[in-house]
Amino acid sequence: QAQLVESGGGLVQPGGSLRLSCAVSGFTFNNYAIRWHRQAPGKERELVAAISSIGGRTNYADSVKGRFIISRDNAKNTVYLQMNSLKPEDTAVYYCNAIWNESYWGQGTQVTVSS
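Offset between the sequence shown (1-based) and this note's numbering: plus 2.
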């Protein structure tokens, strides 16, 4: 069955960096666009970054543009989110979402930005 497993979250100080990974199995990874979403306590889930199935196109929320980079390694069935210059408002649970003719979600990984 389809599985998306996020990892790489944790506690980091403001200005620091983290790299999230999303390992995929159970479906044809290369066919799917991948999105990273996040949800902070008391807020709606928001789209953070997206990458096309082949990886040629990326999109970012204005709030993370210039700080976050989404990439994918189709040979490893893995998507990454490099997060730099982190701010306290980046604190959230980050979710990986694969979308094509189906939509699959991971369980999320917590990112906390605090001094």
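Where is the CB? At the ideal position from N, CA and C, for every residue including glycine.
Where residue i sits in the DSSP three-state scheme
i	result
D75	strand
N99	strand
N32	helix
E91	helix
G12	strand
Same chain only: Cβ atoms within 8 angstroms of residue i, ignoring 5 sequence neighbours per side
i	result
P16	L88, K89, P90, V115, S116, S117
Of the listed residues the options, nearest to residue i (C-alpha basis)
i	options	result
F31	G110, Q109, N99	N99
W102	G11, Q3, I36	I36
N76	D64, A63, G57	G57
F70	S55, A51, V95	A51
G28	G110, T111, Q112, E104	E104
Y106	M85, T60, H39	H39
Q5	T80, G68, D64	T80
Chain-order list of residues whose beta-carbon lies under 6 angstroms from that of residue i (same chain, five-residue window excluded)
i	result
L13	T114
Residue i, buried or exposed, once every other Cβ within 10 Å from all chains shown has been counted against 16
i	result
E8	buried
R74	buried
Quick test of the definition: if touching needs 3 or more C-beta pairs under 8 angstroms, does the stretch 17-24 touch the stretch 42-49?
No: the two stretches stay apart, fewer than three of their Cβ pairs being nearer than 8 angstroms.
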